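Chemist:
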Amino acid sequence: MQARHNLVSTGAACLSAITGLTGFIPAALAQGFQPGLSHAAQDQIGMMQPASTMAQEMAAFHDNLLLPIITVISLFVLALLVYVIFRFNERANPTPSRTTHHTGLEVAWTVIPLLILVVIAIPSFRLLTKQIALPETDMTVKVTGKQWYWTYSYPKDQNGGFEFDSNLLDQTKLAAGKLKLLDVDNEAVVPVGKAIRLQITADAVGVIHSFVIPALGVRMDAVPGRLNEAWFKAEKEGIYYGQCSKLCGKDHAYMPIAFRVVSQQAYAAWLADAKKKYASASSDVTVADAAATIRQ
Ligand SMILES: [Cu+2]
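Quick note, my numbering runs 67 ahead of the 1-based positions in the sequence shown.
(1) Which word fits W176, buried or exposed, when buried means at least 16 other C-beta atoms lie within 10 angstroms of its C-beta?
(2) Are P190 and F128 touching if we call contact CB-CB under 7 Å?
(3) Return yes when the C-beta of M41 is under 6 Å from any heavy atom of ligand 1, and no when it is not.
(4) Output the residue ranges of the beta strand (DSSP E) runs that lie fully inside the segment 176-236 and measure 3 residues or longer, sorted by chain position.
(5) Mind checking A339: buried by the 16 CB within 10 Å criterion, or exposed?
(6) For the 8 Å Cβ check, are there 3 or more pairs between the segment 190-209 and the segment 162-177?
(7) On the three-state DSSP scale, how would you describe G90?
(8) From which residue to which residue does the alpha helix (DSSP H) around L265 run?
(9) Figure out for me which residue from Y216, P135, F229, A262 has the closest Cα to the Cα of K313.
(10) Rounded to whole angstroms, what's the CA-CA distance from R71 to V251? Just pull it up for me.
(11) What does E296 pair with, by DSSP beta-bridge criteria?
(12) Compute the Euclidean distance between the alpha carbons of A269 and P135, then round it to the nearest angstrom.
(13) Is the CB-CB distance between A282 and A122 below 7 Å?
(14) Just reading off the beta strand (DSSP E) that A126 is part of, what are its end residues?
(15) Under 8 Å by Cβ, that's how I've got G227 and G273 pegged, so tell me the actual separation to the nearest angstrom.
(16) Return helix, strand or coil for Q101, following the three-state DSSP convention.
(17) Does the beta-carbon of Y219 have 16 or more other beta-carbons within 10 angstroms, so that it is buried, or is it exposed?
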């Protein structure tokens with residue numbers, strides 16, 4: 068564990084050194100990842116640490132409602148099985164009863180599971196609605212799943228006008244402090260505390276992907292010819308990783324997602340640099356264009 072931490076701090080130091088040289092990533096951006104928040108920590112059990120209220124509510128729904136219900140049902144079924152094994156085996160119960168049907172019991176084993184499902188459904192649908200019904204958002208990022216990487220477009224009418232591909236780093240030359248199968252060459256950058264609308268689709272001639280960032284509570288399919296929307300509001304700065312979560316083809320495992328959440332000032336600095344860096348890949352994508360896609 069100690070070695071791991073050393074590796075992380077060495078990596079952060081290297082990153083700052085590189086940052087100082089290139090000047091592309093503002094210093095405020097160059098913070099490392101945090102195990103358990105950015106990605107699952109070593110030996111972690113349970114949900115990711117939430118970095119948005121949505122993720123927090125999702126974790127609470129799982130931890131406080133689903134898990135207790137699952138545990139009680141599993142223990143109840145186990146107790147019934149153990150009881151049946153000992154009470155009704157051939158030796159303990161040589162002449163079995165021929166009784167069939169018991170109205171009271173049949174009503175009970177239909178109605179009780181039904182009630183349990185209703186208890187789960189109400190908060191579940193409430194949460195689902197919150198995820199799908201977009202609030203007033205501050206900015207939009209268009210996400211396109213391709214074979215096998217992601218393209219992020221910052222719409223022109225939202226002070227962007229560029230897009231870039233985000234590819235997995237070369238795993239054979241991974242720099243210290245970089246995470247295997249998670250770090251990418253170009254991270255998407257968004258400001259902290261702002262509601263970000265994601266317009267999610269896939270390459271028109273491609274396959275279905277799924278865009279997921281666990282700590283931010285985002286999960287949405289990227290489907291060719293269809294424009295899906297999701298949103299998040301990150302409460303903490305940092306880098307948040309995700310992975311394509313649809314079995315999409317041969318490089319499914321090699322298209323990670325990396326979103327870096329930074330302060331408003333750092334975002335402005337990144338935006339200015341990104342416009343220059345990605346000028347060759349300038350994009351005319353606007354939110355209105357995206358809306359037009361929906362109507363087609
Ligand atoms: Cu995929």
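Backbone N, C-alpha and C define an ideal beta-carbon position, used for all residues, glycine too.
Just so we're clear, the structure is a prediction, and the values are computed from it rather than from any experiment.
Modeler: Working from what's here:
(1) Classification for W176: exposed.
(2) Judged by beta-carbon spacing, F128 lies within the 7 Å limit of P190, meaning their Cβ atoms are closer than that value.
(3) Nothing about residue 41 can be reported from this structure: the residues present for the chain run from 68 to 363 only.
(4) Along the length of the segment 176-236, whole beta strand (DSSP E) runs at least 3 residues long occupy 206-213, 216-221, 229-233, reported in chain order.
(5) Its Cβ having fewer than 16 others within 10 Å, A339 is exposed.
(6) By the Cβ rule, the segment 190-209 does not count as touching the segment 162-177, because fewer than three pairs are nearer than 8 Å.
(7) Note that G90 scores 37 on pLDDT, short of 50, meaning its location in the model is unreliable and no value can be drawn from it.
(8) First-last for L265: 262-269, but that is the beta strand (DSSP E), not the alpha helix (DSSP H).
(9) Taking K313 as reference, the option from Y216, P135, F229, A262 with the minimal CA-CA separation is Y216.
(10) Interpretation of R71 is limited by its pLDDT of 42, a score under 50 that renders its predicted location unreliable; the figure taken from the coordinates is listed afterwards. Between the C-alpha atoms of R71 and V251 there is a straight-line separation of about 20 Å.
(11) Partner(s): Q266.
(12) One C-alpha to the other measures close to 38 Å.
(13) Yes, these two residues count as a Cβ contact at 7 Å.
(14) No beta strand (DSSP E) holds A126; the alpha helix (DSSP H) holding it covers 120-127.
(15) Actually they are not in contact, since the Cβ atoms of G227 and G273 sit about 23 Å apart, beyond 8 Å.
(16) In the three-state DSSP reduction, Q101 falls in the coil class, being neither helix nor strand.
(17) Counting the other Cβ atoms within 10 Å of the Cβ of Y219 gives 16 or more, which makes it buried.
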